[in-house]
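Numbering of the sequence shown is given in numbering that gives the first Met the number 0, commencing with residue 0 and proceeding in unit increments.
Where is the CB? At the ideal position from N, CA and C, for every residue including glycine.
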Amino acid sequence: MLSMKSKRKGMTLLEVIISIAILGIIIVPMSNMILTSVKTNKRGEDKQQAVYLAQQVLEAFKNVSAFEDNNGFTAQSFSLNGNAYSFSVDSTINTDPLTVRFNDINIGDYTLRVTLGRMQNANIYNNTATNNVSADYNLMVGGQDDSSRTVKLNNLPESSISEAPNGIYVYVYATKHDINLPGYNLAVKTSSSIEDASHNYTKVYLDRDTFNNNISLSFDNSYENTHQFSVNLYNDTTDNINVYVNTQTGKNVDYVVNNIKGTITTYNVVTGNAAVFSKNYNTKVDVIKDGATIYTVNSNISK
0 MLSMKSKRKG MTLLEVIISI AILGIIIVPM SNMILTSVKT NKRGEDKQQA VYLAQQVLEA
60 FKNVSAFEDN NGFTAQSFSL NGNAYSFSVD STINTDPLTV RFNDINIGDY TLRVTLGRMQ
120 NANIYNNTAT NNVSADYNLM VGGQDDSSRT VKLNNLPESS ISEAPNGIYV YVYATKHDIN
180 LPGYNLAVKT SSSIEDASHN YTKVYLDRDT FNNNISLSFD NSYENTHQFS VNLYNDTTDN
240 INVYVNTQTG KNVDYVVNNI KGTITTYNVV TGNAAVFSKN YNTKVDVIKD GATIYTVNSN
300 ISK
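The structure is reproduced here in structure tokens:
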């Protein structure tokens, strides 16, 4: 009698289930690795593009002639891949005359946000040519303590203030004021308060006909102060006023020139070899995507 054996064909259900489970164990980690790699590459591409955009903005800003005019900060433009873009100034978000945050612009999926901050006391180095900066108004601050503080203009004893412990208020006008005939274009006060019969805060000086928009502010050897000395400057003209601050060699003077009104540039004059005066701006560029900042760069630009 012959015995018949049948040959099994295909896979049993159990074998199929086991095979699928094994494939799942292998495929899931591989898929995760692939997805992670794709996300990493995407983030890398985003970062690379963000760096490129930020550098393009910085290069464009380095090549413009000025960031400000007599009315403050101005809109700035640059070109990228043949397309023109403009950073406009929104007065509603800019109340500090020394700082501007331009309106955001969108380039593809990216948003660019640029902030400029003008340094109040920029270091300026003077050589033989700039040692002789001509200033029609020369303010000299001296005194060993608050009670003996003196402020003179053009070194004239009759044009001095002895009640300015920690600061003065300087006003520059485009037309003569007639409070003190024959009128004046520059007033130095120990207070921002309005004058009255019992308080004469104002000291009157030179004629506008000779004013070259330069003011020299110096601290002499007798100057000592435990507080910061503030110079609050109001520029009521349409011109830029340059304030050159001179301190004695080796003497550390804590001062600030506050730009209250108009366009004012402050220079800290020290010894050196550079021949060019410049304004220094702290520049910050943020590149944003999907509401998150993916790259930030800070730089300093001189104009």
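{"Asked": "Which residues DSSP lists as bridging Glu67, in chain order", "Found": "Phe72"}
{"Asked": "Buried versus exposed call for Ser215 [16 or more other C-beta atoms within 10 Å across all chains shown]", "Found": "buried"}
{"Asked": "Arg42 burial status per 10 Å Cβ neighbour count (16 or more: buried)", "Found": "exposed"}
{"Asked": "Beta-carbon contacts of Phe60 that lie in its chain and below 7 Å, excluding the five residues immediately before and after", "Found": "Gln75, Thr282 and Ile300"}
{"Asked": "C-beta atoms of Gln227 and Tyr266 nearer than 8 Å", "Found": "no"}
{"Asked": "Cβ pair Val252, Phe210 closer than 8 Å", "Found": "no"}
{"Asked": "Contacts around Asn212, its chain only, beta-carbon distance under 7 Å, and the 5 residues preceding and following it disregarded", "Found": "Asp238, Asn239, Ile240 and Asn241"}
{"Asked": "Of the listed residues Ser64, Thr114, Tyr84 and Thr189, nearest to Asp285 (C-alpha basis)", "Found": "Thr114"}
{"Asked": "Assigned secondary structure, Tyr109 (DSSP; H/G/I helix, E/B strand, else coil)", "Found": "strand"}
{"Asked": "Span separating the alpha-carbon of Asn224 from that of Leu138", "Found": "17 Å"}
{"Asked": "Cutoff 7 Å; reference Leu97; Cβ partners in own chain excluding five residues on either side", "Found": "Gly116, Arg117, Gln119 and Asn258"}
{"Asked": "Buried versus exposed call for Ile21 [16 or more other C-beta atoms within 10 Å across all chains shown]", "Found": "exposed"}
{"Asked": "Three-state class that DSSP yields for Ser339 in the structure shown", "Found": "Residue 339 cannot be examined here, being either before or after the span of the chain that is shown, 0 to 302."}
{"Asked": "Leu185 and Val171 closer than 8 Å at C-beta", "Found": "yes"}
{"Asked": "For Phe228, the three-state DSSP class (helix, strand or coil)", "Found": "strand"}
{"Asked": "Classification of Ser197 by the beta-carbon crowding that lies within 10 angstroms, buried from 16 upward", "Found": "The pLDDT assigned to Ser197 is 45, lower than 50, so where the model puts this residue is not dependable; a value taken from the coordinates is nonetheless given after this. It is exposed - the Cβ of Ser197 has fewer than 16 other Cβ atoms within 10 Å."}
{"Asked": "Nearest to Ser133 (by Cα), restricted to the options Asn297, Tyr243 and Thr292", "Found": "Tyr243"}
{"Asked": "Nearest-angstrom Cβ-Cβ length linking Val56 and Leu111, presumed shorter than 8 Å", "Found": "6 Å"}
{"Asked": "Boundaries (first-last residue) of the beta strand (DSSP E) holding Ser85", "Found": "Asn82 to Phe86"}
{"Asked": "Spatial neighbours of Asn154 in its chain, beta-carbon cut-off 8 Å, leaving aside the 5 residues before and after", "Found": "Asn137 and Met139"}
{"Asked": "Continuous beta strand (DSSP E) stretch holding Val150: start and end", "Found": "Thr149 to Leu152"}
{"Asked": "Same chain only: Cβ atoms within 7 Å of Ser87, ignoring 5 sequence neighbours per side", "Found": "Ala74, Phe101 and Asn102"}
{"Asked": "Asn82 classed as buried or exposed, judged by whether at least 16 other C-beta atoms fall within 10 angstroms", "Found": "exposed"}
{"Asked": "Sequence-distant residues of its chain with Cβ nearer than 7 Å to Tyr222 (five each side left out)", "Found": "Val140, Gly141, Gly142 and Val252"}
{"Asked": "Residue environment, Glu44, which counts as buried when at least 16 other CB atoms sit within 10 Å", "Found": "exposed"}
{"Asked": "Tyr109 vs Lys288 beta-carbon contact at 8 Å", "Found": "yes"}
{"Asked": "Endpoints, the beta strand (DSSP E) within which Tyr294 is located", "Found": "Ala291 to Ser301"}
{"Asked": "Beta-carbon proximity check, Thr262 vs Asn245, cutoff 8 Å", "Found": "no"}
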